[in-house]
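As numbered in our numbering, the sequence shown has no gaps in its residue numbers, which increase by one up to the final residue, 567.
Ideal Cβ placement from N, Cα and C applies to all residues, glycine included.
Quick caveat, the model's predicted, so the values are computed rather than measured.
Reading through the structure tokens given below for one structure.
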Amino acid sequence: MTNLKLPERVTLCEVGPRDGLQNEKTILSTQQKIELIERMVDAGARVIEIGSFVHPKAVPAMADTADVARGIKKKDGVEYRALALNKKGIERAYEAGVTKAKLTVSASPTHSRQNSNASPEEIVASFRDCADYAREHGITMSGAIATAFGYYAEGVIGLDLITPIVDKYLEIGVEELSMSDSTGFANPKQVYEYMSYLLERYPQVRWTLHTHNTRGMAMANIFAAMQAGVTRFDSSFAGIGGCPFAPGASGNIATEDVVYMMREMGIETGYDLEKILDVAETVSDWLGHDADSALMKVERRKDRGGETCSSAEDSPSAAKKTATVERRDVESKTIRSIGYEPVAQILEVEFRNGEIYQYSPVPTLVYAEFLNAGSYGTYMEDAIRDAGYVEKKIK
Ligand code: ZN
Numbered sequence: 173m174t175n176l177k178l179p180e181r182v183t184l185c186e187v188g189p190r191d192g193l194q195n196e197k198t199i200l201s202t203q204q205k206i207e208l209i210e211r212m213v214d215a216g217a218r219v220i221e222i223g224s225f226v227h228p229k230a231v232p233a234m235a236d237t238a239d240v241a242r243g244i245k246k247k248d249g250v251e252y253r254a255l256a257l258n259k260k261g262i263e264r265a266y267e268a269g270v271t272k273a274k275l276t277v278s279a280s281p282t283h284s285r286q287n288s289n290a291s292p293e294e295i296v297a298s299f300r301d302c303a304d305y306a307r308e309h310g311i312t313m314s315g316a317i318a319t320a321f322g323y324y325a326e327g328v329i330g331l332d333l334i335t336p337i338v339d340k341y342l343e344i345g346v347e348e349l350s351m352s353d354s355t356g357f358a359n360p361k362q363v364y365e366y367m368s369y370l371l372e373r374y375p376q377v378r379w380t381l382h383t384h385n386t387r388g389m390a391m392a393n394i395f396a397a398m399q400a401g402v403t404r405f406d407s408s409f410a411g412i413g414g415c416p417f418a419p420g421a422s423g424n425i426a427t428e429d430v431v432y433m434m435r436e437m438g439i440e441t442g443y444d445l446e447k448i449l450d451v452a453e454t455v456s457d458w459l460g461h462d463a464d465s466a467l468m469k470v471e472r473r474k475d476r477g478g479e480t481c482s483s484a485e486d487s488p489s490a491a492k493k494t495a496t497v498e499r500r501d502v503e504s505k506t507i508r509s510i511g512y513e514p515v516a517q518i519l520e521v522e523f524r525n526g527e528i529y530q531y532s533p534v535p536t537l538v539y540a541e542f543l544n545a546g547s548y549g550t551y552m553e554d555a556i557r558d559a560g561y562v563e564k565k566i567k
């Protein structure tokens, strides 16, 4: 009667402490991060991404990842994972006692060229020293393929761009891979086709689907991936992250929403839903805006006077709408982003008398590290100023 292919259980990796928090305006304290991680593990997380070992100036919100890693009371059987982008990051992870690290590369050739002046395959090949070091020091590696379904420059990213990256990861000995829809471009049909193909072609790989709910497709994409046989998914408590540059845009799919869907379909996640909602409530209190999850809206509704991402008045997009630009005095600069994980892009900044008047192309989710001096999310303005382009913040 039924043709639905549903697994008995799935593994959800909690990425809120990393992918979520790094894109939030408010930087939480080390102690707050430790509390969130420990409470999510208590709620049932068996894989959790605790932070990233990247340049602290590039991503200020992740500057204390080593302290977080040392501070958490680790529970047996739980995988505490951190993101690293190079050997130095892996070394720092090792020093902090992290035993699982994730590398990442953008599948978009344009994006890769912009960031590293190398192709995605060349970048993965350059991870060999990371993989070797990790092996020698007892660190298990995984690899992410960011912008795996689409990117602004190329539009749809074809499977022909994905398979050479997978081959390279396998060559350096990384067999756990994540297909990351960093841009939220993926649709369920594409996810089903890609994941079916990849699972068949690479049965030795442990596949994860990493979703962003930018266009509301994340739940459908997760469901489609399950039909293709995927049982590992990334999600974030309270659905946080990803709003500063695209007002109203969503971050990672909310863990509580995914857990709810799984529970209602009889699929085991190992999570206690009420405990996740408690964590999501704490997170949204600390960050000062509502959680971006359907379940929080119906279960833990709060009136915050509309103070959500979509009304952030200090976002570049909001400023763009109100700025008056006199073309003749406007100088235009292209600032090349050198972002990594999800979506970096070339950003055009127009300014006059040291003030930013316009960002373009907006609106997109920009998670970018600008000219090494830059950072994520709302720190962009500071980054541009630090890079010597402007003296004043956008009003
Ligand atoms: Zn992501």
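- Within 6 Å: the Cβ of Ser354 and any heavy atom of ligand 1? Translated into positions along the sequence shown, residue 354 becomes position 182. At least one heavy atom of ligand 1 is nearer than 6 Å to the Cβ of Ser354, so yes.
- In three-state DSSP terms, what is Thr550? Position 378 of the sequence shown, counted from the first residue, corresponds to residue 550. At Thr550 the pLDDT is 40, less than 50, meaning the model places this residue with poor confidence and gives no usable figure here.
- How is Ala290 classed by DSSP in three states: helix, strand or coil? As a first step, residue 290 is located in the sequence shown; it is residue number 118 there, counting from the start. Coil.
- Query: Would the beta-carbon of Asp191 be found less than 6 Å away from any heavy atom of ligand 1?
  - Reply: Mapped onto the sequence shown, residue 191 falls at position 19. Within the cutoff, so yes.
- Selected residue, minimal CA-CA separation from Leu193, among Phe321, Val231, Val470 and Met468: Against the sequence shown, residue 193 aligns to sequence position 21. Relative to Leu193, the option among Phe321, Val231, Val470 and Met468 whose CA is nearest is Val231.
- Does the separation of the CB atoms of Asn393 and Pro360 fall below 7 Å? Translated into the one-based positions of the sequence shown, residue 393 becomes position 221. Translated into the one-based positions of the sequence shown, residue 360 becomes position 188. Yes, the pair counts as a contact, with Cβ atoms nearer than the cut-off.
- Task: Tell me whether Ser456 is buried or exposed, calling it buried when 16 or more other Cβ atoms sit within 10 Å of its Cβ.
- Result: If you number the sequence shown from 1, residue 456 lands on position 284. With 16 or more other Cβ atoms within 10 Å, it is buried.
- Message: Tell me which residues share the same chain as Ser280 and place their Cβ nearer than 7 Å to its Cβ, disregarding the 5 neighbours each side in the sequence.
- Response: The residue given as residue 280 occupies position 108 in the sequence shown. So the list reads Thr319, Tyr323, Ala325, Glu326 and Ile329, once near-sequence residues are dropped.
- Message: Can you give me the C-alpha to C-alpha distance between Asn195 and Cys302, rounded to a whole angstrom?
- Response: The residue labelled residue 195 in the question sits at position 23 within the sequence shown. The residue labelled residue 302 in the question sits at position 130 within the sequence shown. Answer to the nearest angstrom: the Cα atoms are 26 Å apart.
- Item | Separation of Ser314 from Leu113, as counted between CA atoms | The chain is shown only over 173 to 567; residue 113 falls outside these bounds and no answer can be derived.
- Message: Between Gly182 and Thr403, how many whole angstroms is the CB-CB distance? I'm expecting something under 8 Å.
- Response: Locating residue 182 in the sequence shown gives position 10, counting from the first residue. Locating residue 403 in the sequence shown gives position 231, counting from the first residue. Reading off the sequence shown, one finds Val at residue 182, where the question assumed Gly. Contact flag correct, Cβ pair sits at about 5 Å.
- Item | Collapsed DSSP secondary structure at Asp301 in the structure displayed | Mapped onto the sequence shown, residue 301 falls at position 129. Three-state result, Asp301: helix.
- Gly261 classed as buried or exposed, judged by whether at least 16 other C-beta atoms fall within 10 angstroms: As a working mapping, residue 261 is identified with position 89 in the sequence shown. That one is buried.
- Query: So what does Lys272 bridge to, in DSSP terms?
  - Reply: As a position in the sequence shown, residue 272 is number 100, starting the count at 1. Beta-bridge pairing links Lys272 to Arg253 and Thr312.
- Task: Compute the Euclidean distance between the alpha carbons of Thr383 and Gly423, then round it to the nearest angstrom.
- Result: For this step, residue 383 is matched to residue 211 along the sequence shown. For this step, residue 423 is matched to residue 251 along the sequence shown. Straight-line Cα distance between these residues: approximately 9 Å.
- Message: Can you tell me where the alpha helix (DSSP H) holding Met367 begins and where it ends?
- Response: Taking the sequence shown and counting its residues from 1, one reaches residue 367 at position 195. Met367 -> alpha helix (DSSP H) spans Pro360 to Arg373.
- Assigned exposure category for Lys245 - 16 Cβ within 10 Å defines buried: Position 73 of the sequence shown, counting from 1, holds the residue named residue 245. So Lys245 counts as exposed.
- Any idea what DSSP makes of Thr319, helix, strand or coil? Locating residue 319 in the sequence shown gives position 147, counting from the first residue. Assigned with DSSP and collapsed to three states, Thr319 falls in coil, not helix or strand.
- Which value, in whole angstroms, describes the spacing of the CA atoms of Val568 and Ser465? With the chain covering only 173 through 567, there is no way to say anything about residue 568.
- Query: Does DSSP put Arg181 in a helix, a strand or coil?
  - Reply: What you label residue 181 is simply residue 9 of the sequence shown in a count that begins at 1. If DSSP states are grouped into helix, strand and coil, Arg181 belongs with the strands.
- Message: Rounded to whole angstroms, what is the Cα-Cα separation between Gly188 and Ile220?
- Response: Reading the sequence shown from its first residue, position 16 is the one you call residue 188. Reading the sequence shown from its first residue, position 48 is the one you call residue 220. When rounded, the distance between both Cα atoms is 8 Å.
- Just checking my contact of Ala358 with Met389 at CB under 8 Å: how many whole Å lie between their CB atoms? Translated into the one-based positions of the sequence shown, residue 358 becomes position 186. Translated into the one-based positions of the sequence shown, residue 389 becomes position 217. Yes, they are in contact, since the Cβ atoms of Ala358 and Met389 sit about 6 Å apart, within 8 Å.
- Met212: buried (16+ other C-beta within 10 angstroms of its C-beta) or exposed? What you label residue 212 is simply residue 40 of the sequence shown in a count that begins at 1. Buried, by the Cβ-count rule.
- Message: Rounding to the nearest angstrom, what Cα-Cα distance links Glu348 and Trp379 in this structure?
- Response: Translated into the one-based positions of the sequence shown, residue 348 becomes position 176. Translated into the one-based positions of the sequence shown, residue 379 becomes position 207. Roughly 6 Å between the two C-alpha positions.
- Message: Between Cys185 and chain D, is the shortest Cβ-Cβ distance under 7 Å, so that the two count as touching?
- Response: Among the chains of the structure shown, chain D does not appear; only one protein chain is present.
- By DSSP, does Met398 sit in helix, in strand, or in coil? Mapped onto the sequence shown, residue 398 falls at position 226. Of the three classes helix, strand and coil, the one that applies to Met398 here is helix, per DSSP.
- Query: Do Leu176 and Trp458 come within 7 Å of each other at the CB atom, strictly closer than that value?
  - Reply: If you number the sequence shown from 1, residue 458 lands on position 286. If you number the sequence shown from 1, residue 176 lands on position 4. It is not a contact, given that the beta carbons lie outside the stated cut-off.
- Message: So for Asp239, helix, strand or coil by DSSP?
- Response: Counted from its first residue, the sequence shown places residue 239 at position 67. Three-state result, Asp239: helix.
- Is Leu184 closer than 7 Å to Ser224 when the C-beta atoms are compared? Taking the sequence shown and counting its residues from 1, one reaches residue 224 at position 52. Taking the sequence shown and counting its residues from 1, one reaches residue 184 at position 12. Not in contact: Ser224 and Leu184 (Cβ atoms no closer than 7 Å).
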